[in-house]
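As C-alpha cells, the structure follows; a few thoughts come after it.
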Amino acid sequence: MPESYSYPAEITRDEDGRHVVSFPDFGWGATDGATLDEAQVEARDLLRELMAGTMREGRDLPVPSQRGILVVPPVQIALKAALYETFRGTGLSQRGLARRLGVAESEVRRMLNPDHATKAAAIDRALRRLGRRVIVSVDKAA
Numbered sequence: 024m025p026e027s028y029s030y031p032a033e034i035t036r037d038e039d040g041r042h043v044v045s046f047p048d049f050g051w052g053a054t055d056g057a058t059l060d061e062a063q064v065e066a067r068d069l070l071r072e073l074m075a076g077t078m079r080e081g082r083d084l085p086v087p088s089q090r091g092i093l094v095v096p097p098v099q100i101a102l103k104a105a106l107y108e109t110f111r112g113t114g115l116s117q118r119g120l121a122r123r124l125g126v127a128e129s130e131v132r133r134m135l136n137p138d139h140a141t142k143a144a145a146i147d148r149a150l151r152r153l154g155r156r157v158i159v160s161v162d163k164a165a
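To get the numbering used here, take the position in the sequence shown, counting from 1, and add 23.
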C-alpha cells in the first residue's frame, strides 16, 4: 500500500508544441495543455481519474515510483484511495467492514466509491478503526 498518493508524471512536447502528460506508473491515459501550467492542472484531473478507474476495476493502486514530476491528487481521491487500499488489505467483506464501523453496508459502498463525496472525517474514522491514520502535510505550491 502506498504511503503517499502523489505520482510522478512525464511531460513531453508533441509536434504541435503542446505539453503532453502521462503517468507511467499506471501505464495508460494521457492529457495535454497548451501551456505547462494548463498541462499541470489537467494532470491533476487525469491522476484523479486514473486512481478512480483503478479502484472501480478492483485493482491495486500502483506504488508511486521516484521518477518524474510529482503530481498531488485532489485530497478526496487520496483519502478514498487510502481507505480502498486499507480495506483490500484486511480481507474483510463490505458487510464485515460495515459491522466493524457500526454503519450500514450501503454507507461502506459509498465510502469506497471514488465518485461519491464522503466527508473526510468519516474516512478518517474508518481508517482509524482499521489501524491506520491520516497525516496531513502542507507544502509550498509548485
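Backbone N, C-alpha and C define an ideal beta-carbon position, used for all residues, glycine too.
Query raised in the report: Which residues does DSSP pair with G154 in a beta bridge?
Result: Numbered from 1 along the sequence shown, position 131 holds the residue referred to as residue 154. Paired residue(s): none; G154 is not in a bridge.
Query raised in the report: If you count every other CB in all the chains shown that lies within 10 Å of the CB of A101, and 16 or more means buried, which is it?
Result: As a position in the sequence shown, residue 101 is number 78, starting the count at 1. Answer is buried; the Cβ neighbour count reaches 16.
Query raised in the report: Do A140 and Q99 have their C-beta atoms closer together than 8 Å?
Result: Within the sequence shown, numbered from 1, the residue matching residue 140 stands at position 117. Within the sequence shown, numbered from 1, the residue matching residue 99 stands at position 76. Result yes, Cβ atoms of A140 and Q99 sit closer than 8 Å.
Query raised in the report: Under the three-state reduction of DSSP, which class applies to R148: helix, strand or coil?
Result: Numbered from its first residue, the sequence shown carries residue 148 at position 125. DSSP places R148 in helix when its eight states are reduced to three.
Query raised in the report: By Cβ distance, which residues of its chain are closer than 7 Å to T113, with the 5 residues on each side in sequence left out?
Result: Taking the first residue of the sequence shown as 1, we reach residue 113 at position 90. Counting only Cβ-Cβ distances below 7 Å, and skipping sequence neighbours, we find L153.
Query raised in the report: Do you know offhand how far R67's Cα is from G125's?
Result: Here residue 67 is taken as the residue at index 44 of the sequence shown, counted from 1. Here residue 125 is taken as the residue at index 102 of the sequence shown, counted from 1. Cα-Cα distance, rounded: 34 Å.
Query raised in the report: Skipping 5 residues on each side, what residues in its chain have a beta carbon closer than 6 Å to that of T35?
Result: Counting from one through the sequence shown, the residue named residue 35 turns up at place 12. If we look at T35 and ignore the five residues flanking it on each side, its Cβ neighbours are V43.
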